[in-house]
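Numbering (our numbering), first residue to last: 3 to 269.
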């Protein structure tokens, strides 16, 4: 195993954004890893296991730091259980389909999903919908299927869906992170059951980066105003001239520059 600081840095940065705003890890890491010549079938199991680690740690810190109240029987806890329960079926279906289709068609689906998700987030920032358990269940099924097949797409769907239902930013992000741990766990186990090869080196680097980000992101979350979105935060980064490509060798800088350019083109 060759130590690759680039993957640690990329995982750390994208996970911090994801844990604070409920989206960004899978949607950003997937195209970067594809560019770095990892195959979709290598990427997805690695993203699922590293996401699981981040979900567990961030949920613990979010509850401990009172970013959300997950007391059993409470309203948020019930939402988590519903999303997690319904999402198990979606995650299994997505992961199963991943093992049965070629990398070419899988890459096509992932590219379409990522492009469509970013466009939706940018064009529908002010949408408002009424809260209902049925709508949450539908969002969970769709988001978990995408998580299982592509390793991404769950956070943006669940977090934005809850925000559209007028659930606060911190609570929506915390609910997404807690409920996603069920989806990530079941999805990863599905890959193991089907005998899929796991790139353990890639998984290790991503997992370490994500684990390091969890406590930091949970402490940072209360600093942002309640209605701050990932779009607003990234826009602020752009206006301040913040660049992510600060460290590493040529290959490392290439990955960071891609992430930097993705953010800038979004805005």
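Here a beta-carbon is modelled for each residue, glycine too, at the ideal position from N, C-alpha and C.
Distance between beta carbons of residue j and residue i, contact taken as under 8 Å
i: residue 2; j: residue 63; result: Residue 2 lies beyond the residue range present for the chain, which begins at 3 and ends at 269; the question has no answer from this structure.
i: residue 192; j: residue 98; result: 6 Å
i: residue 216; j: residue 60; result: 5 Å
i: residue 86; j: residue 181; result: 5 Å
i: residue 109; j: residue 36; result: 7 Å
i: residue 139; j: residue 84; result: 6 Å
Within-7 Å CB hit, residue i to chain B
i: residue 60; result: The displayed structure is made up of one protein chain only, and chain B is not part of it.
Best match in the options for proximity to residue i [C-alpha to C-alpha]
i: residue 205; options: 27, 47 and 168; result: 47
i: residue 189; options: 22, 90, 85 and 77; result: 90
i: residue 51; options: 154, 132, 144 and 121; result: 154
i: residue 30; options: 208, 185 and 220; result: 208
i: residue 6; options: 77, 211 and 22; result: 211
i: residue 186; options: 165, 221 and 88; result: 88
i: residue 196; options: 137, 100 and 161; result: 100
i: residue 1; options: 198, 138, 105 and 26; result: In the structure displayed, the chain extends from 3 to 269; residue 1 sits before or after that span and is not available.
i: residue 1; options: 34, 82 and 66; result: Examination of residue 1 is not possible in this model, given that the chain is present from 3 through 269 alone.
i: residue 22; options: 159, 69 and 138; result: 69
i: residue 179; options: 11, 107, 20 and 15; result: 20
i: residue 57; options: 177, 8, 124 and 139; result: 177
i: residue 149; options: 107, 199 and 116; result: 116
i: residue 157; options: 25, 53 and 201; result: 25
i: residue 53; options: 41, 34, 13 and 84; result: 13
i: residue 112; options: 15, 194 and 41; result: 41
i: residue 175; options: 65, 137 and 10; result: 65
Residue i: first and last residue of the uninterrupted alpha helix (DSSP H) it sits in
i: residue 40; result: That residue, residue 40, is in no alpha helix (DSSP H); it is neither H nor E in DSSP.
i: residue 161; result: 156-166
i: residue 132; result: Unbroken run through residue 132: none, as it is neither H nor E.
i: residue 169; result: Residue 169 -> no alpha helix (DSSP H), and no H or E assigned at all.
i: residue 84; result: 77-102
i: residue 71; result: Here residue 71 belongs to no alpha helix (DSSP H), and DSSP marks it neither H nor E.
i: residue 8; result: 7-23
i: residue 209; result: 202-222
Exposed unless 16 or more other CB atoms sit within 10 angstroms - verdict on residue i
i: residue 74; result: exposed
i: residue 132; result: exposed
i: residue 114; result: exposed
i: residue 134; result: exposed
i: residue 43; result: buried
i: residue 102; result: exposed
i: residue 121; result: exposed
i: residue 220; result: buried
i: residue 17; result: buried
i: residue 222; result: exposed
i: residue 166; result: buried
i: residue 130; result: exposed
i: residue 172; result: buried
i: residue 168; result: exposed
i: residue 76; result: exposed
i: residue 162; result: buried
i: residue 118; result: exposed
i: residue 199; result: exposed
Inset, instruction - Count the CB pairs spanning the segment 32-48 and the segment 139-154 that are closer than 8 Å, and state whether there are at least three. - result: Enough Cβ pairs lie closer than 8 Å, so yes.
Inset, instruction - Decide yes or no for the touch test of the segment 130-150 against the segment 92-103: beta carbon pairs closer than 8 Å, at least 3 of them. - result: Because the criterion of three Cβ pairs below 8 Å is met, the segment 130-150 and the segment 92-103 touch.
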